[in-house]
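Working notes, beginning with the structure itself.
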Amino acid sequence: MSTATRTDGLPWWATALVLPVFNIALALLISALVILAIGEDPVGALTSMLAGAFGSGTGLGYTLYYATSLIFTGLSVAVAYHAGLFNIGSEGQAYVGGLGVGLVCLALGGWPWWLVLPLTILAGGAFGAAWAAVPGYLQAYRGSHIVITTIMFNFIAAALMAYLMVNVLKAPGQMSPESRGFDDSVTLPMIHDMLGAIGIETANAPLNLSLPLALAACALVWLFIWHTRWGFALRTVGANEHAARYAGMNARRITVVAMALSGALAGLMAINELQGVQHRLLLNFPAGLGFTGIAVALMGRAHPAGIIPAAILFGGLLQGGAELAFDYQSISPELVVVIQGVVILFAGALEHMFRPALARLFTRSAKPVGA
Amino acid sequence: MKSFLRTAAAAFALFAAAAGPAAAFEPAIVFDMGGRFDKSFNEGANMGAEKFKKDTGTDFKWFEVTNEAQREQFLRRLAQRGTDVIVAVGFSMAPSVEKVAKEFPKVRFTLIDNVVDLPNVQSVVFSEQEGSYLVGMLAAMASKSGTVGFIGGMDIPLIRRFECGYEQGIKAIKADAQILVNMAGNTPTAWADPTRGSELAKSQFDRGADVIFAAAGQTGMGALQAAADAKKLAIGVDSNQNHLFPGTMLTSMVKRVDVAAYEAFRTAKDGTWKGGVQRLGLKDDGVAWADDSYNKSLITPEMRAKVEAAAAEIKAGTRKVANLDDSGACKY
Chain A
1 MSTATRTDGL
11 PWWATALVLP
21 VFNIALALLI
31 SALVILAIGE
41 DPVGALTSML
51 AGAFGSGTGL
61 GYTLYYATSL
71 IFTGLSVAVA
81 YHAGLFNIGS
91 EGQAYVGGLG
101 VGLVCLALGG
111 WPWWLVLPLT
121 ILAGGAFGAA
131 WAAVPGYLQA
141 YRGSHIVITT
151 IMFNFIAAAL
161 MAYLMVNVLK
171 APGQMSPESR
181 GFDDSVTLPM
191 IHDMLGAIGI
201 ETANAPLNLS
211 LPLALAACAL
221 VWLFIWHTRW
231 GFALRTVGAN
241 EHAARYAGMN
251 ARRITVVAMA
261 LSGALAGLMA
271 INELQGVQHR
281 LLLNFPAGLG
291 FTGIAVALMG
301 RAHPAGIIPA
311 AILFGGLLQG
321 GAELAFDYQS
331 ISPELVVVIQ
341 GVVILFAGAL
351 EHMFRPALAR
361 LFTRSAKPVG
371 A
Chain B
372 MKSFLRTAAA
382 AFALFAAAAG
392 PAAAFEPAIV
402 FDMGGRFDKS
412 FNEGANMGAE
422 KFKKDTGTDF
432 KWFEVTNEAQ
442 REQFLRRLAQ
452 RGTDVIVAVG
462 FSMAPSVEKV
472 AKEFPKVRFT
482 LIDNVVDLPN
492 VQSVVFSEQE
502 GSYLVGMLAA
512 MASKSGTVGF
522 IGGMDIPLIR
532 RFECGYEQGI
542 KAIKADAQIL
552 VNMAGNTPTA
562 WADPTRGSEL
572 AKSQFDRGAD
582 VIFAAAGQTG
592 MGALQAAADA
602 KKLAIGVDSN
612 QNHLFPGTML
622 TSMVKRVDVA
632 AYEAFRTAKD
642 GTWKGGVQRL
652 GLKDDGVAWA
662 DDSYNKSLIT
672 PEMRAKVEAA
682 AAEIKAGTRK
692 VANLDDSGAC
702 KY
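The listed protein sequences derive, respectively, from chains A and B.
Each residue of the first sequence is one higher than the last, beginning at 1 in the numbering used here.
Each residue of the second sequence is one higher than the last, beginning at 372 in the numbering used here.
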């Protein structure tokens with residue numbers, strides 16, 4: 001992703017605003033054709049999707065709730081990416097991080113949430129970090145490729161968690177492999193309850209205190225990557241490992257540390273899902289948001305300022321897509337996935353398709369001034 | 372919490388105002404992650420709902436959840452709309468049904484495959500071990516090798532209950548029969564992986580099994596296909612799957628999820644809907660072995676007689692089929 005080095009004369013606002021808006025508009029147009037092809041009203045359907053994601057308090061709350069998780073997993077992928085590592089394992093790291101969060105919440109029933117939160121951050125981060133550090137170590141010291149090992153670790157995480165949930169943590173006398181519920185005192189306050197307490201009525205949605213936590217994580221990651229010595233070392237290893245080693249950096253240790261940090265960020269996602277919303281430890285709670293984090297990080301240019309809007313876009317697609325399937329009973333959930341895929345394709349993978357044309361447009365309009 | 376209750380109450384007042392007594396009857400059904408057309412459990416519920424639509428002309432609203440948060444979200448959406456009865460399909464719905472049912476005490480919920488103890492929740496559970504016992508007997512009688520297989524979906528107590536009943540049925544016919552047991556996995560993806568189902572079936576055939584029972588949702592489809600390819604016998608689950616591979620489908624352990632869904636809609640419409648737990652076993656036609664034109668050639672009169680005799684004894688209570696105990700062990 002070498003956008004910084006492009007020299008086609010596009011101003012930053014064209015890259016940051018015009019191109020994405022153009023791409024998303026085109027994606028929606030293609031989606032409209034698909035909806036038309038199955039004989040539904042495309043304008044109504046896309047309106048329902050947009051309104052479902054952003055049009056109501058509840059919808060917006062769900063969108064931001066998904067976005068919160070996606071910010072964490074997006075940051076997780078981004079940090080590893082800057083160290084030249086493609087971490088496919090955020091899903092598994094978030095899952096294991098959830099074990100840390102869940103154990104703390106189960107153990108500290110009765111404690112106030114603001115005392116528990118620092119501990120769940122530590123536990124979720126530590127469990128996620130430990131899970132990611134192993135592939136990091138294998139990459140750094142044994143040469144096992146990080147993509148392969150992190151994918152495998154997702155499966156190990158799923159098996160481990162299923163074992164623990166089924167055999168150890170399952171609350172007795174029930175069918176679902178879930179832990180007992182967390183004590184009410186340890187769960188994070190919902191945003192709508194907090195606003196309600198100061199007299200602002202908002203709709204019921206699972207958006208909770210994790211969103212500010214996610215935004216704080218964005219700021220910290222930005223500070224760390226671009227404004228600290230460690231961040232510099234991490235980026236140097238990512239840009240050229242040999243040069244980094246030649247400059248006296250311990251590239252292997254930095255690889256392990258970068259993966260641990262990446263895993264810790266993924267693990268924090270569990271705070272939103274478990275301590276924030278589900279209030280119990282349950283199977284498969286990351287539900288693919290760890291994988292979506294890869295797309296969020298790539299689309300957001302591995303930069304927190306890009307990850308936040310990308311996470312909101314993907315959160316909106318998840319929430320809007322569900323509302324679309326609910327409002328239009330003839331549009332199956334599979335078709336919603338198609339629409340989401342088209343948006344990802346145009347806004348993510350094909351996002352430079354129009355760049356040369358736009359650049360020509362700019363140089364042409366700029367020439368008369370120069371001549 | 373207080374403001375949350377206020378919001379709920381406001382939404383409720385809104386709904387009460389919107390849905391006057393003259394409003395049309397609106398039932399709804401929320402399917403679990405396997406999907407509405409999983410050829411098995413969810414599809415069974417769908418068939419019941421579709422039958423209701425055909426019989427009464429009343430359309431129903433449906434939703435298929437794709438992640439954990441959506442269960443509660445769309446149960447609440449439906450309750451806010453003033454839906455008359457909401458059928459929640461699958462054991463995983465229980466915590467969400469419990470939460471939303473408390474918020475909307477006037478909305479009726481029917482939960483299939485799990486129990487929630489609230490006055491406005493009807494919990495429908497099945498005695499899977501009884502139906503599995505009967506298909507176990509059939510498997511043992513149809514097997515020539517003396518080795519039979521069981522392929523479960525996700526390794527949970529519910530599926531262990533199928534396996535436990537199946538094992539007892541087999542042992543009742545052939546005490547020395549060898550039973551191979553494989554679970555497709557530990558996570559919900561184990562319900563939706565036909566490739567894995569096919570692999571497990573093939574490995575059981577290689578180990579000598581000639582009849583397999585697949586209780587694994589869509590994963591089971593792969594096992595049934597593998598049995599058809601290898602010309603071995605297979606037993607379907609939940610819906611009657613005999614028609615899928617005529618000639619190799621020995622029978623299906625039918626769980627009348629369709630009846631549960633249909634009855635929930637019907638009773639809600641005519642006002643006889645009641646909360647509480649309903650346990651549907653052989654006696655209530657809640658579970659059964661599928662006996663139709665597709666598997667006629669595979670079931671000999673002697674087999675049918677033995678199974679029907681056992682079914683009658685179970686119904687009468689003279690033959691006991693043990694269920695899993697609380698520790699999850701299958702003792703009989």
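Ideal placement from N, C-alpha and C gives every residue a C-beta, glycine not left out.
Tell me whether residue i is buried or exposed, calling it buried when 16 or more other Cβ atoms sit within 10 Å of its Cβ.
i               : result
H227 of chain A : exposed
A511 of chain B : buried
L695 of chain B : buried
T643 of chain B : exposed
T558 of chain B : buried
A357 of chain A : exposed
D547 of chain B : exposed
P112 of chain A : exposed
K702 of chain B : exposed
A393 of chain B : Confidence is the limiting factor: at A393 of chain B the pLDDT is only 43, short of 50, which leaves the residue's position unreliable and the question unanswerable from this model.
A632 of chain B : buried
N240 of chain A : exposed
E679 of chain B : exposed
K691 of chain B : exposed
N611 of chain B : buried
H192 of chain A : buried
Is the beta carbon of residue i sitting closer than 8 Å to the one on residue j?
i               : j               : result
I307 of chain A : S210 of chain A : no
P177 of chain A : N208 of chain A : no
V630 of chain B : F497 of chain B : no
F436 of chain B : D403 of chain B : First, the residue type needs correcting, since residue 436 of chain B is Val and not Phe in the sequence shown. Taking 8 Å as the Cβ cut-off, V436 of chain B and D403 of chain B qualify as a contacting pair.
G181 of chain A : R280 of chain A : yes
Q340 of chain A : A53 of chain A  : no
F72 of chain A  : L265 of chain A : yes
L615 of chain B : L604 of chain B : no
L289 of chain A : S69 of chain A  : yes
A219 of chain A : V237 of chain A : no
Q539 of chain B : N553 of chain B : no
A14 of chain A  : F362 of chain A : yes
D655 of chain B : N613 of chain B : no
N154 of chain A : G89 of chain A  : yes
Beta strand (DSSP E) containing residue i: first to last residue?
i               : result
F584 of chain B : 582-586
G556 of chain B : 549-556
S623 of chain B : 620-626
M525 of chain B : 518-525
I606 of chain B : 604-609
A659 of chain B : 658-660
Check the DSSP bridge columns for residue i and list the partner residues they point to.
i               : result
G647 of chain B : B:Q493
P398 of chain B : B:V456
W433 of chain B : B:I400
N250 of chain A : DSSP, once it has assigned bridges, lists no residue as partnering N250 of chain A.
T481 of chain B : B:V458, B:Q493
N208 of chain A : A:M190
Using the beta-carbon of each residue, which ones in chain B are nearer than 8 Å to residue i?
i               : result
N208 of chain A : Neighbours of N208 of chain A on chain B: none; closest Cβ ~12 Å, over 8 Å.
L282 of chain A : E439
V101 of chain A : Those within 8 Å of V101 of chain A in chain B number zero; the least Cβ separation is about 15 Å.
Strictly below 7 Å CB to CB, what residues from chain A border residue i?
i               : result
R448 of chain B : F326
P559 of chain B : L283, N284
Ends of the alpha helix (DSSP H) at residue i?
i               : result
K677 of chain B : 672-687
D426 of chain B : 412-427
W230 of chain A : 229-239
D193 of chain A : 191-197
G293 of chain A : 289-299
I71 of chain A  : 57-82
V43 of chain A  : 42-50
Using the beta-carbon of each residue, which ones in chain A are nearer than 8 Å to residue i?
i               : result
D526 of chain B : A162, V166
F445 of chain B : A322, F326
Below 9 Å on C-beta distance, what does residue i contact in chain A?
i               : result
E435 of chain B : A325, S332, P333
Using 7 Å as the cut-off, classify the Cβ of residue i as near or not near the heavy atoms of the ligand NAD, replying yes or no.
i               : result
G579 of chain B : Within the structure as shown, the ligand NAD is missing, as the structure has no ligands at all.
Who are the neighbours of residue i on chain B, taking C-beta pairs under 9 Å?
i               : result
A287 of chain A : T437, N438, E439, A440
I want to verify the contact list: residues of chain B whose CB lies under 7 Å from the CB of residue i, in sequence order.
i               : result
V43 of chain A  : Ordered by position in chain B, no residue passes the 7 Å Cβ test against V43 of chain A, which lies about 22 Å from the chain.
Y141 of chain A : In chain order: nothing, as chain B lies at least about 31 Å away.
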